[in-house]
Each structure stands twice: as structure tokens, then as C-alpha cells.
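Following this line, the structure appears as C-alpha cells:
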């Protein structure tokens with residue numbers, strides 16, 4: 528436990544944090560906080576986006592965060608294995624052809640094939656089904672790829 532009674536590893540534990548002290552805040556000055564966080568339930572889990580800097584309360588920051596969450600929602604709608612209407616699940620059931628799916632599905636197939644080649648087969652997007660057949664399953668790469676795609680509008684922000 529630290530001096531505040533917070534066990535190390537807790538989200539609110541930071542070695543440079545001191546009670547009553549906020550980085551970038553000077554006692555006696557009243558300023559707008561330079562940090563802001565947003566949380567949304569998406570892709571089956573709570574996702575939080577944290578921004579720091581002078582512009583965190585600007586409209587541009589709010590728009591970038593909404594765009595980032597929109598990208599995550601799009602990835603979920605295309606690749607969710609828990610939604611019967613996702614492109615991935617409709618493709619697996621043979622209800623649609625690859626050309627009828629979001630272009631993201633074909634891109635994930637290409638990324639998966641490239642990863643399989645680079646890892647000499649250690650990574651694959653073809654996984655066994657309950658019946659023993661192999662089925663396209665890009666879920667091993669989708670969350671990381673989604674985070675990468677969602678970071679694009681945030682990286683455009685100044686600072």
C-alpha cells in the first residue's frame with residue numbers, strides 16, 4: 528500500500544501522485560482541468576478514452592472522440608461473434624459472400640494472411656469449428672486493429 532492506502536497496481540495508483548496535487552495544476556490558480564475521459568460499452572467491454580492537454584474541452588476533441596467510438600462501433604457491427612447480424616457471422620453461415628460484406632472483412636482476411644505468412648503459420652485466422660472444419664475467425668487481430676483505427680482521429684488533435 529502507498530501512503531494513501533491504495534494498493535500498487537490499482538488504476539488510481541500513480542507513483543508521482545500526491546494527495547491534493549494534480550499535475551499541471553498550481554495551488555491558488557483556478558483552471559480548467561487538462562484531462563478528460565470518456566467511457567462507452569463497445570465490443571463487449573467498457574472502453575475508455577483519456578485525453579490530456581489544453582484542448583481537451585474543445586469541440587475538436589469531442590468530435591475526435593465520437594469519431595473514435597464510431598470506428599469501434601463499426602468494427603463491432605462487422606466482426607462481432609455475439610451479434611447474429613454482423614458481417615462475420617452472416618459470412619460464416621453462408622448468408623452472404625465476401626463481396627457483400629464490409630470492405631473491412633476482406634482487409635482483415637488480407638491482414639490475417641500476411642500475419643500467417645510472417646509468423647510461418649503461428650498466427651492464423653482459420654480456426655476449427657465445433658464440427659472440425661476450419662472457419663475464418665479474425666477475432667485474434669480485430670481488437671488491436673480496431674484500437675489502431677480508432678486512434679487515427681485522436682492522433683490528428685494538436686498536442
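Residue numbers (our numbering): 528 to 686.
Positions of the beta carbon are idealized from the N, C-alpha and C atoms, including for glycine.
On the DSSP bridge assignment, give the partners of residue 630 in chain order.
-> Answer is none; residue 630 lacks a bridge partner.
Using the Cα positions of residue 608 and residue 620, report the straight-line distance between them to the nearest angstrom.
-> 12 Å
Leaving aside the five residues before and after residue 651 along the sequence, list all residues of the same chain whose C-beta is less than 6 Å from its C-beta, in chain order.
-> 643
How big is the Cα-Cα spacing for residue 684 and residue 657?
-> 45 Å
Identity of the residues DSSP links to residue 575 by a beta bridge | 566
Alpha helix (DSSP H) containing residue 589: first to last residue?
-> 586–606
For the candidate residues 567, 590 and 573, whose alpha-carbon lies nearest to that of residue 499?
-> Limits of the chain in this structure are 528 at one end and 686 at the other, which puts residue 499 out of reach.
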